[in-house]
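**Q** After the structure tokens below, expect a handful of questions from me.
In our numbering, the protein residues as written are 57 to 227.
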């Protein structure tokens, strides 16, 4: 199995060979200036290869795409925000209520809103994504820049609160 260090070493060796090849072509151009036009195309290709290998080495070394201003994990809050349909909360009512989620009465809708008001804004957001949208916990953790374990705990806590509120123990 090829490890990252082996891959880096291989790229460095390739870079050394390419640089030696470029130096040899430059020496040939210096010795025979009349053949410079013949060697220029080769020199151009070698320089492009050196550039590509340097790019790969930098990517392997830093773990990020070279020359990008901001990594994907450092996006602004507006780029990380995922907008959701507010009626999506009806979907997770099905496990609590055996009827179809689309048959909620106005009273049940009002009660659901009251139960969801018990949750903190973060719990409500995580619970909505997990139960309403059906996102995996890992995906939610990545979107909110938190650990998956935190998402697991928040979903369980929110589910307990919603279940207790729906059954009337909190009211």
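By construction, the Cβ of each residue, glycine as well, lies at the ideal position given by its N, Cα and C atoms.
Note that this is a predicted model, so its numbers are computed, not measured.
Could you check the C-alpha separation between residue 87 and residue 72 for me, to the nearest Å?
**A** Straight-line Cα distance between these residues: approximately 22 Å.
**Q** Just the Cα atoms here: how many angstroms apart are residue 95 and residue 196?
**A** Distance between the alpha carbons of residue 95 and residue 196 is about 55 Å.
**Q** Residue range of the alpha helix (DSSP H) that residue 73 falls in?
**A** Here the alpha helix (DSSP H) through residue 73 covers 60–87.
**Q** Assuming residue 206 is part of the alpha helix (DSSP H), what are its boundary residues?
**A** Residues 204–222.
**Q** Can you confirm whether residue 165, when its beta carbon is compared against all beta carbons of chain C, has any partner nearer than 7 Å?
**A** Among the chains of the structure shown, chain C does not appear; only one protein chain is present.
**Q** Going by other Cβ atoms of all chains shown within 10 Å of its Cβ, with 16 needed for buried, is residue 111 buried or exposed?
**A** Per the 10 Å Cβ criterion, exposed.
**Q** Skipping 5 residues on each side, what residues in its chain have a beta carbon closer than 8 Å to that of residue 92?
**A** Closer than 8 Å at Cβ, skipping near neighbours: 85.
**Q** In angstroms with no decimal places, state the Cα-to-Cα distance between residue 113 and residue 77.
**A** Roughly 19 Å separates the two Cα atoms.
**Q** What whole-angstrom Cβ distance do residue 172 and residue 180 have, given they're in contact under 8 Å?
**A** At roughly 6 Å, the Cβ-Cβ gap stays under 8 Å, so residue 172 and residue 180 are in contact.
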